[in-house]
Amino acid sequence: MNIFFEVLGYVAGICTAIAFLPQALQTIKYKNVSGLSLTSYIIYCLGVVSWILYGCYLHSLQMMVFNAISLFFSVIVLVLIIKHRLK
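Mapping of the sequence shown onto the working numbering: position 85 corresponds to residue 85, and the numbering continues sequentially without gaps.
Here it is, written out as structure tokens:
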């Protein structure tokens, strides 16, 4: 495969994987989830799990790893939203 597209795939994966890091850090620090949508995070997490499974099917390490990182950060926020709503 063309090296340009390999690099592009890694850049896209890194950007996607760390996109939720600032939200996760802010949510952990301030414990404020009032402006976050539970439904959106559930749908997003289901979508990312689907991408991971699709990556397994394609044997795409990039797709599996970067989506797993993205899922990790978004699940942290999702758990905090659920925890806050149950109080």
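Cβ atoms here follow ideal geometry from the backbone N, Cα and C, with glycine treated the same way.
- Between Thr27 and Ser70, the C-beta spacing is not below 9 Å.
- About 7 Å separates the beta carbons of Leu78 and Ile42, which is inside the 8 Å limit, making them a contact pair.
- Distance from the CA atom of Leu53 to the CA atom of Gly47, rounded to whole angstroms, is 10 Å.
- Gly35 counts as exposed, since fewer than 16 other beta carbons sit within 10 angstroms of its beta carbon.
- By the beta-carbon neighbour count (other beta carbons within 10 angstroms, threshold 16), Val33 is buried.
- Membership of Asn67 in the alpha helix (DSSP H) is indicated by the continuous run Leu61 to Leu86.
- Listed in chain order, the non-local C-beta contacts of His84 below 7 Å within the same chain comprise Val33, local neighbours out to five positions each way being set aside.
- Around the beta carbon of Ile3, fewer than 16 other beta carbons sit within 10 angstroms, so the residue counts as exposed.
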